[in-house]
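Everything on this sheet refers to the single structure shown next.
See below:
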């Protein structure tokens, strides 16, 4: 007797392929969710590390670090470097530059964030300042130097300091709302809302350490064309070596559909790729950045007590603004967010 080996018919093969395709379609969202959970866990760990870094800074100096040294001579990123295992970078920064030195006619360009004295620090990628969920976070600003034939471009980061409930200029009031204090300010030229005080300690946070935000996230702006020192255009959201890019305020809700207000129109590129909405400031619309992330549904935040929490986009806006103040006197219960 002859044996006959029967193969798949075309219909059977198509059915098998269809079944495999359905299984992949069912499995892929679960795999993506698992990957995002891992990325979010890393982001939480980074924010926890930054909270611990500020506590170590406070133990050493008796205050929270400055938010920045005016526009261009360092931000909170710099002051936390020794506490995120980057002491070598801290030692490499030239601290001579500041607003007072600049106003007295001191030689300025080389001492700024992208100057030849500091570009080796500001062009270094530091993992503790990066959220892995933001795929565009490694976009470079286009600001930098060419030294001995090698191009050094400043980096952007995913974490921002809390500059209060209004704008990142820290005005005394905006649209009838009073500035309620912030844990960070400008050590060179503090705004009117902080009464000339340059740094704050934990005891000055009247609203409580567990009811006040310290850090949150941002989505790094993808740059446009531009290469070389101070070339434009590019989107500078997330450029945290610069004071206008190192902070968020609570006026806009997390992941707000309203635009960020950047310092200049040339620092805002929208619509462009996946950049969040943005606009330029006006006489009645001050500079402000919202807390933003690539995490579905909200943003991670570090409280001043060092704890890390996930804040939903749907949080009541008044609760969110209350969490960004240090002395607003608001009563905020833990079940409100």
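In the working numbering, the protein residues as written are 96 to 432. By construction, the Cβ of each residue, glycine as well, lies at the ideal position given by its N, Cα and C atoms.
Do you know offhand how far residue i's Cα is from residue j's?
i	j	result
residue 183	residue 173	11 Å
residue 335	residue 278	17 Å
residue 149	residue 175	7 Å
residue 310	residue 141	11 Å
residue 323	residue 302	Note that residue 323 has pLDDT 44, beneath the 50 cutoff, so the model's placement of it is unreliable and no number is given.
residue 213	residue 170	13 Å
residue 418	residue 239	36 Å
residue 106	residue 251	54 Å
residue 224	residue 137	11 Å
residue 207	residue 217	10 Å
residue 295	residue 256	14 Å
residue 268	residue 378	14 Å
residue 133	residue 120	21 Å
residue 249	residue 219	7 Å
residue 297	residue 152	12 Å
residue 231	residue 237	14 Å
residue 426	residue 264	25 Å
residue 245	residue 209	14 Å
residue 353	residue 346	10 Å
residue 115	residue 131	24 Å
residue 355	residue 112	47 Å
residue 271	residue 431	24 Å
residue 156	residue 351	36 Å
residue 222	residue 203	29 Å
residue 325	residue 197	The predicted position of residue 325 is uncertain, since its pLDDT is 46 and thus under 50; a value taken from the coordinates is nonetheless stated next. Their Cα atoms are separated by approximately 18 Å.
residue 104	residue 122	27 Å
residue 293	residue 428	30 Å
residue 108	residue 226	44 Å
residue 128	residue 181	32 Å
residue 320	residue 154	At residue 320 the pLDDT is 47, less than 50, meaning the model places this residue with poor confidence; the figure from the coordinates comes in the next sentence. Approximately 44 Å, taken between the alpha carbons.
residue 380	residue 158	32 Å
residue 124	residue 233	25 Å
Mind checking who residue i pairs with in its DSSP beta bridge?
i	result
residue 255	311
residue 113	Paired residue(s): none; residue 113 is not in a bridge.
residue 164	In the DSSP output, where bridge partners are listed per residue, residue 164 has none listed.
residue 383	356
residue 245	242
residue 396	404
residue 268	273
residue 281	163
residue 374	356
residue 295	The partner list for residue 295 (beta bridge, DSSP) is empty, contrary to what the question assumes.
residue 342	256
Thinking residue i and residue j are a contact (beta carbons under 8 Å), I'd like their distance in whole angstroms, please.
i	j	result
residue 382	residue 262	5 Å
residue 193	residue 168	5 Å
residue 357	residue 259	With a Cβ gap of about 18 Å, residue 357 and residue 259 do not count as contacting.
residue 330	residue 395	Their Cβ separation, rounded to whole angstroms, is 22 Å, which puts residue 330 and residue 395 out of contact at 8 Å.
residue 387	residue 312	6 Å
residue 411	residue 315	Contact doesn't hold; Cβ gap of about 28 Å is too wide.
residue 349	residue 406	6 Å
residue 299	residue 400	About 14 Å separates the two Cβ atoms, so there is no contact after all.
residue 281	residue 195	About 12 Å; that fails the 8 Å criterion.
Do residue j and residue i have their beta-carbon atoms positioned less than 8 Å apart in this structure?
i	j	result
residue 190	residue 215	no
residue 416	residue 228	no
residue 144	residue 179	yes
residue 332	residue 408	no
residue 367	residue 317	yes
residue 397	residue 146	yes
residue 372	residue 362	no
residue 375	residue 360	yes
residue 235	residue 211	no
residue 188	residue 177	no
residue 276	residue 423	yes
residue 117	residue 403	no
Using a threshold of 7 Å, is the CB atom of residue i nearer than that to any non-hydrogen atom of the ligand COA?
i	result
residue 235	Ligands in the displayed structure: none, and consequently the ligand COA is not present.
Establish whether the CB of residue i and some CB of chain D are separated by less than 8 Å.
i	result
residue 260	Any reference to chain D falls outside this structure, which holds one protein chain only.
Can we say the segment 337-349 touches the segment 156-170, given the rule of at least three CB pairs closer than 8 Å?
-> yes
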